[in-house]
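*Asks:* Protein sequence lines, in the order shown, are assigned to chains F and C.
Each position in the first sequence, counted from 1, maps to that position plus 10 in the working numbering.
Each position in the second sequence, counted from 1, maps to that position plus 498 in the working numbering.
All C-beta atoms, glycine included, are put in the ideal place defined by N, C-alpha and C.
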Amino acid sequence: MIGPIIPQGVIAPEWNHVIGLLLGMGFGFVLESSGFSSSRKLAGVFYGYDFVVLKVFFTAAITAAVGIMILTSLGWIDSSLIYVNPTFIHSAIIGGVIMGIGFIMGGYCPGTSLTGVAIGKIDAMVYTVGMFFGILFFSQIYTFIEPIYNAGAMGSIKVNEILGISGAMFMFLLIIVALAAFYIVGLIEKRVNKSDL
Amino acid sequence: MEIKDTDKKKNPYLNPYVGGFLLGLVLLLTFYMTGRGLGASGAVKSAVVTTVNTVSHDYATTSGYFSQFISDDNNPMNNWLVFEVLGVLIGALLSGILSGRLKFSIEHGPRITSRTRLIFAGLGGLAFGFGSQMGRGCTSGAALSGMATISVAGFVTMLAIFGSAYIFAWFFRKLWI
Chain F
11 MIGPIIPQGV
21 IAPEWNHVIG
31 LLLGMGFGFV
41 LESSGFSSSR
51 KLAGVFYGYD
61 FVVLKVFFTA
71 AITAAVGIMI
81 LTSLGWIDSS
91 LIYVNPTFIH
101 SAIIGGVIMG
111 IGFIMGGYCP
121 GTSLTGVAIG
131 KIDAMVYTVG
141 MFFGILFFSQ
151 IYTFIEPIYN
161 AGAMGSIKVN
171 EILGISGAMF
181 MFLLIIVALA
191 AFYIVGLIEK
201 RVNKSDL
Chain C
499 MEIKDTDKKK
509 NPYLNPYVGG
519 FLLGLVLLLT
529 FYMTGRGLGA
539 SGAVKSAVVT
549 TVNTVSHDYA
559 TTSGYFSQFI
569 SDDNNPMNNW
579 LVFEVLGVLI
589 GALLSGILSG
599 RLKFSIEHGP
609 RITSRTRLIF
619 AGLGGLAFGF
629 GSQMGRGCTS
639 GAALSGMATI
649 SVAGFVTMLA
659 IFGSAYIFAW
669 FFRKLWI
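Written out as structure tokens, the structure is:
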């Protein structure tokens, strides 16, 4: 069946939520098994003692991106129905910087905090309560933020379009960057962990 | 400075590259099924919208931000992401049970108390929650899922999150090392 399945309405809508639940289970299981329920493991990427975040994140993004390309070229997926999140350059940068501060203070991002909650991390529970109020606070001052929030709209643009190269070429380059990064962080990890013994 | 807990020796974590590959497959399957990626902060937003809507429907429908997500026939808790996130909780719980990591605990660095950890966990969540609305999604929905479609938003958000955390890591080093 040519994907994506749900947007084409080929299966009964009642199944959408079951599919969501199952995919979420896969997501949560892999995150927890990889160590993402531990804030100290996650924070390691910023101090050089554990690069699990970079390794998992980079590998996952590349696997999915290459997979989408392969399925598209095989005609198994209709790429025009794939949602490419639109770029609002100002809010993406400002939001990202604020999220980075939240990451280093809290040790979690929203998805990983939920895996921490699931296995009983009380700090993760407090984090999610904080998240709830952070979102509430955003909504309260939205009127003031709206001009920045909607500024710099670039549409659903892709990185390779800006660079003027094909998607496949971009992925090829990204894989080389990833392999170099994996090698370098391996060396850093060894050095940092040895110096502390 | 490796994290040496007993859990790790008994039940090692998945190899990160294997974990990343499996996560990529889950993400790919999500795109194949739904046409979009995975998310997390969106479900928390739905919870906030539902709470506000329950407390004061009039307020929620006039709020510039919330009114976008409310319609009379469609409960915001009903959306796909909420079920996906319930799945995340169940999946992580299963992994925790299988690996023997299920335990109430407060995880913190050696130089801070549990109380300090909880205060900063709350503040971190507050900042990340705020930032995730500003950036139209978090590490999952905006950065990871965006990168899977090679979107500029995905890569810019990822670089901004990690770049910023690296810059501020020095100020908060006492929390972790």
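Could you work out which residues of chain C lie near F/Lys200, taking near to mean beta carbons separated by less than 9 Å?
*Replies:* Mapped onto the first sequence, residue 200 of chain F falls at position 190. Here the premise fails: no neighbours, minimum Cβ distance about 11 Å.
*Asks:* Could you tell me which uninterrupted beta strand (DSSP E) segments, each at least 3 residues in length, are contained entirely in the stretch 155-180 of chain F, listed from first to last along the chain?
*Replies:* Whole beta strand (DSSP E) segments, 3+ residues: 163-165.
*Asks:* So, with DSSP's three-state summary, where would you put C/Thr611?
*Replies:* One-based indexing of the second sequence puts residue 611 of chain C at position 113. The answer is coil: DSSP assigns C/Thr611 none of H, G, I, E or B.
*Asks:* When the Cα of C/Gly533 is compared with those of C/Leu525, C/Val516, C/Thr655, which residue comes out closest?
*Replies:* On the second sequence, position 35 is the one that residue 533 of chain C refers to. If we check each option's Cα against that of C/Gly533, C/Leu525 comes out closest.
*Asks:* What does the alpha-carbon distance come out to for the pair C/Pro514 and F/Leu41?
*Replies:* On the second sequence, residue 514 of chain C is found 16 positions in, with the first residue counted as 1. On the first sequence, residue 41 of chain F is found 31 positions in, with the first residue counted as 1. Rounded to whole angstroms, C/Pro514 to F/Leu41 spans 10 Å at the Cα level.
*Asks:* What does the alpha-carbon distance come out to for the pair F/Val136 and C/Thr549?
*Replies:* As a first step, residue 136 of chain F is located in the first sequence; it is residue number 126 there, counting from the start. As a first step, residue 549 of chain C is located in the second sequence; it is residue number 51 there, counting from the start. For F/Val136 and C/Thr549, the distance between alpha carbons rounds to 18 Å.
*Asks:* Determine the chain C residues that contact F/Thr138 at a beta-carbon separation under 8 Å, and present them in chain order.
*Replies:* As a working mapping, residue 138 of chain F is identified with position 128 in the first sequence. What F/Thr138 touches in chain C: Val542, Gly623.
*Asks:* Relative to the alpha-carbon of C/Leu512, which residue among F/Thr97, F/Gly174, F/Ile21, F/Val63 has its alpha-carbon at the smallest distance?
*Replies:* The residue you call residue 512 of chain C lines up with position 14 of the second sequence. C/Leu512 has its Cα closest to that of F/Val63, out of F/Thr97, F/Gly174, F/Ile21, F/Val63.
*Asks:* With a threshold of 7 Å between beta-carbons, can C/Lys601 be considered close to chain F, or not?
*Replies:* Here residue 601 of chain C corresponds to residue number 103 of the second sequence, with the count starting at 1. Closer than 7 Å: yes.
*Asks:* Residue range of the alpha helix (DSSP H) that F/Ile72 falls in?
*Replies:* Against the first sequence, residue 72 of chain F aligns to sequence position 62. Segment 62-83, the alpha helix (DSSP H) holding F/Ile72.
*Asks:* Would you call F/Asp60 buried or exposed, if buried means 16 or more other Cβ atoms sit within 10 Å of its Cβ?
*Replies:* Taking the first sequence and counting its residues from 1, the one referred to as residue 60 of chain F is at position 50. That one is buried.
*Asks:* Within 10 Å of its beta-carbon, does F/Ala102 have 16 or more other beta-carbons around it, so buried, or fewer, so exposed?
*Replies:* What you label residue 102 of chain F is simply residue 92 of the first sequence in a count that begins at 1. Flag for F/Ala102 reads buried.
*Asks:* For F/Met11, I'd like the list of residues in its chain whose CB is within less than 6 Å of its CB, leaving aside the five on either flank, ordered along the chain.
*Replies:* By 1-based counting over the first sequence, the position of residue 11 of chain F is 1. If we look at F/Met11 and ignore the five residues flanking it on each side, it has no Cβ neighbours.
*Asks:* Looking only at DSSP bridge pairs, what is F/Thr97 linked to?
*Replies:* Taking the first sequence and counting its residues from 1, the one referred to as residue 97 of chain F is at position 87. F/Gly165, per the DSSP bridge assignment.
*Asks:* Under 7 Å between the Cβ atoms of F/Phe70 and C/Gly537?
*Replies:* On the first sequence, residue 70 of chain F is found 60 positions in, with the first residue counted as 1. On the second sequence, residue 537 of chain C is found 39 positions in, with the first residue counted as 1. First, the amino acid is wrong: residue 70 of chain F is Ala here, not Phe. No, these two residues do not count as a Cβ contact at 7 Å.
*Asks:* Find out if the Cβ-Cβ distance for the pair F/Pro14, F/Leu124 is shorter than 7 Å.
*Replies:* The residue labelled residue 14 of chain F in the question sits at position 4 within the first sequence. The residue labelled residue 124 of chain F in the question sits at position 114 within the first sequence. Contact: no.
*Asks:* Beta-carbon within less than 7 Å of F/Val195's beta-carbon, same chain only, minus the 5 sequence neighbours each way: which residues are those?
*Replies:* For this step, residue 195 of chain F is matched to residue 185 along the first sequence. Excluding positions up to five away in sequence, the list reads Phe61, Leu64.
*Asks:* Does the beta carbon of F/Ile167 sit closer than 7 Å to a beta carbon anywhere in chain D?
*Replies:* Protein chains in the displayed structure are F and C, and chain D is not among them.
*Asks:* What does C/Ile610 touch in chain F if you count any residue whose Cβ is under 8 Å from its own?
*Replies:* Residue mapping note: residue 610 of chain C aligns to position 112 of the second sequence, counting from 1. Under the 8 Å cutoff, chain F gives no residues; its nearest Cβ is about 11 Å from C/Ile610.
*Asks:* Does C/Ile675 come within less than 7 Å of chain F when only Cβ atoms are used?
*Replies:* Reading the second sequence from its first residue, position 177 is the one you call residue 675 of chain C. Yes, because at least one Cβ of chain F sits closer than 7 Å to the Cβ of C/Ile675.
*Asks:* Buried or exposed: F/Ala20, going by 16 or more other Cβ atoms within 10 Å of its Cβ?
*Replies:* In the first sequence, residue 20 of chain F corresponds to position 10, counting from 1. The residue asked about is misnamed: residue 20 of chain F is Val in this sequence, not Ala. Classification for F/Val20: exposed.
*Asks:* Comparing alpha-carbon positions, which option in F/Met164, F/Leu184, F/Leu33 lies nearest C/Gly535?
*Replies:* In the second sequence, counting from the first residue as 1, residue 535 of chain C sits at position 37. When only C-alpha atoms are compared, the closest one is F/Leu33.
*Asks:* DSSP beta-bridge partners for F/Lys131?
*Replies:* Taking the first sequence and counting its residues from 1, the one referred to as residue 131 of chain F is at position 121. Paired residues: C/Ser603.
*Asks:* Starting from C/Arg634, trace the alpha helix (DSSP H) in both directions and tell me its first and last residue.
*Replies:* Sequence index remark: in the second sequence, residue 634 of chain C carries index 136 (1-based). Counting along the chain, C/Arg634 falls outside any alpha helix (DSSP H), and DSSP gives it neither H nor E.
*Asks:* Please report the Cβ distance between C/Gly589 and F/Gly38, rounded to the nearest whole angstrom; I am assuming they are in contact, meaning their Cβ atoms lie under 8 Å.
*Replies:* Position 91 of the second sequence, counting from 1, holds the residue named residue 589 of chain C. Position 28 of the first sequence, counting from 1, holds the residue named residue 38 of chain F. Contact holds; Cβ gap of about 3 Å.
*Asks:* Just mark C/Gln566 as buried or exposed, buried being the case when its beta carbon has 16 or more other beta carbons within 10 Å.
*Replies:* The residue labelled residue 566 of chain C in the question sits at position 68 within the second sequence. With fewer than 16 other Cβ atoms within 10 Å, it is exposed.
*Asks:* When the Cα of F/Pro120 is compared with those of C/Leu579, C/Phe602, C/Gly598, which residue comes out closest?
*Replies:* Residue numbering aside, residue 120 of chain F sits at position 110 when the first sequence is read from its first letter. The shortest C-alpha separation from F/Pro120 is found at C/Leu579.
*Asks:* Residues bridged to F/Ile87 by DSSP?
*Replies:* Along the first sequence, read from residue 1 onward, the residue named residue 87 of chain F stands at position 77. F/Ile87 is bridged to F/Gly13.
*Asks:* With a CB to CB cut of under 6 Å and the five nearest residues on each side skipped, what residues in its chain are close to C/Ser630?
*Replies:* In the second sequence, the residue the question calls residue 630 of chain C occupies position 132. If we look at C/Ser630 and ignore the five residues flanking it on each side, its Cβ neighbours are Ser539, Cys636.
*Asks:* Quick one: what's got a C-beta closer than 7 Å to C/Phe670's C-beta in the same chain, skipping five residues either side?
*Replies:* Stepping through the second sequence from its first residue, residue 670 of chain C is reached at position 172. Around C/Phe670: no qualifying Cβ.
*Asks:* Starting from the beta carbon of C/Val524, find every residue of chain F whose beta carbon is closer than 7 Å, and list them in chain order.
*Replies:* The sequence position of residue 524 of chain C within the second sequence is 26, counting from 1. Result: Leu33, Gly36, Phe37, Val40.
*Asks:* Tell whether a beta-carbon distance below 7 Å holds between C/Gly607 and C/Trp674.
*Replies:* In the second sequence, residue 607 of chain C corresponds to position 109, counting from 1. In the second sequence, residue 674 of chain C corresponds to position 176, counting from 1. Yes, they are a contact pair.
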